[in-house]
Amino acid sequence: MTDPVETIAMRLRDQPDRPFSVLDAAEELGLARDRTTTTIEVLARRDGFFDLGGGRMIFSSDADRVAYEIFRSEAPNITYEEYQRYRDDPHILMRMSRDRDVADRANPEKRLRELMKEKDRGNRF
């Protein structure tokens, strides 16, 4: 039987630059969920694997993409293009994200659609 860490590592390598939940991957692959913390720690020590926090990981050689995904945990309403443009001014990105969040609260249907789209993007393998 293949080591669970290697199984998840292969899955990550198959789709680089895409964050995913280690818990969801373990469940989908039929692996023990109790080893996910160990799996994240082992993978994070390898080149190209990054822990995004919250049980999420990414395999990437693009440092900007990894930094963007980490930054999105605090400012979820920004795009990658905006991040690239304003990465030296994180206060601008935070304000843009907050302003969009406030504006979206007035339109709950739009917010729900965006959350569902984001969930699909983050959980696909």
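So the sequence shown is residues 330 to 454, counted in my numbering. C-beta: ideal position from N, C-alpha, C; glycine also.
Could you give the distance in angstroms between the alpha-carbon of residue i and the alpha-carbon of residue j?
{"i": "residue 397", "j": "residue 412", "result": "7 Å"}
{"i": "residue 332", "j": "residue 399", "result": "27 Å"}
{"i": "residue 335", "j": "residue 418", "result": "38 Å"}
{"i": "residue 442", "j": "residue 420", "result": "27 Å"}
{"i": "residue 377", "j": "residue 391", "result": "9 Å"}
{"i": "residue 363", "j": "residue 434", "result": "37 Å"}
By a C-beta neighbour count over all protein chains shown, 10 Å radius and 16 as the cutoff for buried, is residue i buried or exposed?
{"i": "residue 374", "result": "exposed"}
{"i": "residue 444", "result": "exposed"}
{"i": "residue 436", "result": "exposed"}
{"i": "residue 454", "result": "Unreliable placement is indicated for residue 454, whose pLDDT of 44 sits below 50; the coordinate value is still reported in the next sentence. Flag for residue 454 reads exposed."}
{"i": "residue 339", "result": "exposed"}
{"i": "residue 532", "result": "Given a span of 330 to 454 for the chain in the structure shown, any question on residue 532 remains unanswerable."}
Is the beta carbon of residue j closer than 8 Å to that of residue i?
{"i": "residue 346", "j": "residue 402", "result": "no"}
{"i": "residue 341", "j": "residue 386", "result": "yes"}
{"i": "residue 367", "j": "residue 355", "result": "no"}
{"i": "residue 384", "j": "residue 352", "result": "yes"}
Going by Cα to Cα distance, which pick from the options is closest to residue i?
{"i": "residue 395", "options": "363, 405, 380 and 404", "result": "380"}
{"i": "residue 407", "options": "392, 371 and 428", "result": "428"}
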